[in-house]
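Undergrad: In this text, residue positions in the sequence shown follow our numbering: the first is 17, and each later residue adds one.
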Amino acid sequence: MTHGGGTTSDGPSIFEEGDGNSSRVVQIAIVAAMGGLLFGYDSAVINGATKAIEQRFEIHGYALGFAVASALLGAAAGAMTAGRIADRIGRLRVMQIAAVLFFISAVGCAFATHTWMLITFRVIGGIGVGVASVIAPAYIAEVSPARIRGRLGSLQQMAIVVGIFLSLLVDWLLASLAGGASEKLWLGMEAWRWMFLVMAIPAVVYGVASTMIPESPRYLVSRHRIPEARTVLTMLLGEKNLDITVTRIEQSLAGEEKHSWRDLVKPGGGIYPIVWVGLLLSIFQQAVGINVIFYYSNMLWQAVGFEESQSNQISVFTSIVNVIVTIVAIMLVDRIGRRPLLLIGSIGMAVSLATMALCFSTAVIGADGKPSLAGAVGVIALIAANLFVIFFGVSWGPVVWVLLGEMFPNRIRGAALSLAAAAQWAANWAITVTFPKMEGNLSLAYGLYALFALLSLIFVYRFVPETKGRSLEDMDGSLPARR
């Protein structure tokens with residue numbers, strides 16, 4: 017096996033050859049990635065509602081941070097359990113469960129009358145987010161040909177950023193129609209409540225669409241449903257090398273009827289190095305503070321001096337930039353590889369975050385304890401924030417999801433991906449819940465995020481493997497054979 021970007025030399029690479037229906041594979045991947053759209057919408061919808069929630073429920077500081085970040089606790093729980101549940105009942109059933117959770121959250125948050133109700137339904141939606149964050153990349157990796165797996169895996173991040181864009185656009189449109197997020201809109205409900213309720217629509221679409229795609233062939237093989245697996249593989253790949261493909265999947269899954277966290281521990285003790293790599297990839301993706309931009313950007317730009325409507329427009333613009341650079345990443349990930357994109361992203365994020373830290377070090381703190389930037393410094397901070405989003409969106413945003421979906425060996429993929437995704441949500445929660453307390457010292461906040469970006473550069477250079485062009489079965493070489 018090569019360790020750079022090649023494939024194994026012992027036999028044809030799975031999902032590499034054949035005359036399957038590529039357009040059908042893309043359609044299937046798009047449906048699976050719809051969970052990412054809901055993931056993005058549910059994560060960012062709080063942005064436009066934060067100020068209104070703060071006023072409606074009279075919560076501030078850590079209490080506000082906890083309300084905003086409560087969905088992330090649910091996401092961590094959902095991510096921890098999704099992989100193992102998917103190994104038992106299948107990928108499609110888990111997608112449908114996620115759709116139901118998103119629907120319940122949308123309706124519950126819209127009609128919440130107390131802080132605890134809002135937090136409860138945010139947690140329920142968060143469980144859906146955690147489930148979707150695990151199942152979508154795993155499923156897409158399992159149905160994708162190796163030559164385009166990076167691009168299809170990037171659809172997860174594409175769907176996330178589209179979901180973020182849609183949520184911020186909806187927030188802006190509804191707040192504009194009502195004259196503010198706290199103002200009444202339709203049926204006597206405030207605009208912020210409708211922001212949550214709109215999510216029920218894509219939740220229904222996702223649930224219905226997930227009934228129209230095939231089950232993962234690797235799951236079917238693991239359950240000894242070989243004829244069904246052959247049917248799906250034929251549709252995806254054509255007849256060529258079908259027997260070899262089935263045999264390689266069976267070999268990689270040999271003896272693994274029940275998956276558990278014990279699979280992640282080496283026979284001599286300690287967690288496999290590849291699991292640590294996945295964990296740290298997830299943590300660094302969040303530790304650079306990307307979700308501060310998407311959860312709190314309205315508060316951030318109002319602190320810099322923009323009005324609420326202007327802040328909404330800036331947030332929408334930033335999300336459009338995020339969508340565009342994600343498209344660029346999809347075009348590049350299978351051409352130049354995963355590692356180069358991550359290294360470029362780390363450098364760009366470190367510089368742009370350091371620039372933001374310097375800008376906010378000149379901020380004047382008002383009587384309300386919030387910073388204010390004047391003149392050109394505010395413009396530089398705005399440009400730096402968008403450059404940060406660009407470098408993240410072309411690298412760490414999509415590439416981490418691609419790697420998490422493909423880097424783990426078959427027999428530990430479910431447990432390892434669940435653990436990595438849970439770590440990602442735990443890191444996201446820590447960043448999100450602490451930011452409101454640091455709002456008065458944004459120079460410190462962005463300085464810390466810049467430090468994490470620099471550390472991520474060192475980490476990728478030293479420890480992250482290149483997986484471009486390698487089949488999922490090739491990843492099994494990173495673990496010793498079972499005895």
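Just so you know, even glycine gets a beta-carbon here, dropped at the ideal spot from N, CA and C. Everything numeric in this text was worked out from a predicted model, so none of it was measured.
Does the beta-carbon distance from Val145 to Asp58 come in below 8 Å?
TA: yes
Undergrad: Return the residue from the list Trp188, Met365 and Ala91 that minimises the CA-CA distance to Arg138.
TA: Ala91
Undergrad: Using only the alpha-carbon positions, how far apart do Gly308 and Gly106 sit?
TA: Inspection of the sequence shows that residue 308 is occupied by Val rather than by Gly. Their Cα atoms are separated by approximately 34 Å.
Undergrad: DSSP three-state label for Glu323, please.
TA: coil
Undergrad: Hey, how far is the Cα of Val480 from the Cα of Arg355?
TA: 7 Å
Undergrad: Can you tell me which of Gly142, Val476 and Phe82 puts its alpha carbon nearest to the alpha carbon of Ala437?
TA: Gly142
Undergrad: So, are the CB atoms of Ser411 and Ile360 less than 8 Å apart?
TA: Contact check for Ser411 against Ile360 passes: the beta carbons are separated by less than 8 Å.
Undergrad: Taking buried to mean at least 16 other C-beta atoms within 10 Å of its own C-beta, is Met228 buried or exposed?
TA: exposed
Undergrad: When you compare the CB positions of Arg100 and Ala431, do they come within less than 8 Å of one another, or not?
TA: yes
Undergrad: Between Gly413 and the rest of its own chain, which residues show a CB-CB distance below 6 Å, the 5 nearest in sequence each way excluded?
TA: Apart from sequence neighbours up to five positions away, the residues of its chain that approach Gly413 with a beta-carbon distance below 6 Å are Gln173, ordered along the chain.
Undergrad: Compute the distance between the beta-carbons of Phe212 and Val332, then report whether it is under 8 Å.
TA: no
Undergrad: Between the Cα of Val341 and the Cα atoms of Leu398, Ala366, Phe407 and Phe300, which residue gives the shortest distance?
TA: Phe407
Undergrad: Quick one, which of Gly56, Leu460, Ala152 and Gly169 has its alpha-carbon nearest Gly353's?
TA: Gly169
Undergrad: Check the Cβ-Cβ distances between Arg429 and every residue of chain B, and say whether any is below 8 Å.
TA: Of the protein chains in this structure there is only one, and it is not chain B.
Undergrad: Please tell me whether Ala194 and Ala122 are closer than 8 Å, where the distance is taken between their beta carbons.
TA: Taking 8 Å as the cut-off, the beta carbon of Ala194 is found no closer than this to the beta carbon of Ala122.
Undergrad: What are the partner residues of Lys200, as DSSP defines its beta bridges?
TA: Partner residues in the beta bridge of Lys200, as assigned by DSSP, are Glu206.
Undergrad: So, with DSSP's three-state summary, where would you put Ile229?
TA: In the structure shown, the three-state DSSP call for Ile229 is coil.
Undergrad: Cβ atoms of Gly94 and Ile176: under 8 Å apart, would you say?
TA: no
Undergrad: When the Cα atoms are used, what is the spatial distance from Leu119 to Glu74?
TA: For the record, residue 119 in the displayed sequence is Phe; it is not Leu. Their backbone Cα atoms lie some 26 Å apart in a straight line.
Undergrad: Provide the residue span of the alpha helix (DSSP H) that contains Tyr477, from first to last.
TA: Leu458 to Phe479
Undergrad: One question on the structure: do Trp445 and Leu88 come within less than 8 Å of each other, judged by their Cβ atoms?
TA: Yes, the pair counts as a contact, with Cβ atoms nearer than the cut-off.
Undergrad: According to the Cβ coordinates, are Ala466 and Ala366 closer than 8 Å?
TA: Yes, these two residues count as a Cβ contact at 8 Å.
Undergrad: In whole angstroms, what separates the C-alpha of Ala12 from that of Cys375?
TA: Lying outside 17 to 499, the shown extent of the chain, residue 12 is not represented and no answer is given.
Undergrad: What number of angstroms, rounded off, separates the C-alpha of Met423 from the C-alpha of Glu199?
TA: For Met423 and Glu199, the distance between alpha carbons rounds to 48 Å.
Undergrad: Compare the beta carbon distance of Arg239 and Asn426 with 8 Å and say whether it is the shorter of the two.
TA: Going by beta carbons, Arg239 and Asn426 fall outside the 8 Å limit.
Undergrad: In chain order, what are the residue ranges of uninterrupted alpha helix (DSSP H) at least 4 long that sit wholly in the stretch 88 to 159?
TA: Correct list: 107 to 126 and 131 to 159.
Undergrad: As a quick exercise: from Leu369, Arg241, Gly294 and Gly421, pick the residue whose alpha carbon is nearest that of Ile399.
TA: Leu369
Undergrad: Could you check the C-alpha separation between Ala48 and Tyr155 for me, to the nearest Å?
TA: 7 Å
Undergrad: According to the Cβ coordinates, are Val262 and Ile287 closer than 8 Å?
TA: With a cutoff of 8 Å on beta-carbon distance, Val262 and Ile287 are scored as not near each other.
Undergrad: For Ile217, tell me which candidate among Val116, Leu358 and Ala68 has the shortest Cα-Cα distance.
TA: Val116
Undergrad: Does DSSP put Val332 in a helix, a strand or coil?
TA: helix
Undergrad: Just verifying my parser: in three-state terms, what is the DSSP assignment at Val380?
TA: Val380: strand per DSSP, three-state reduction.
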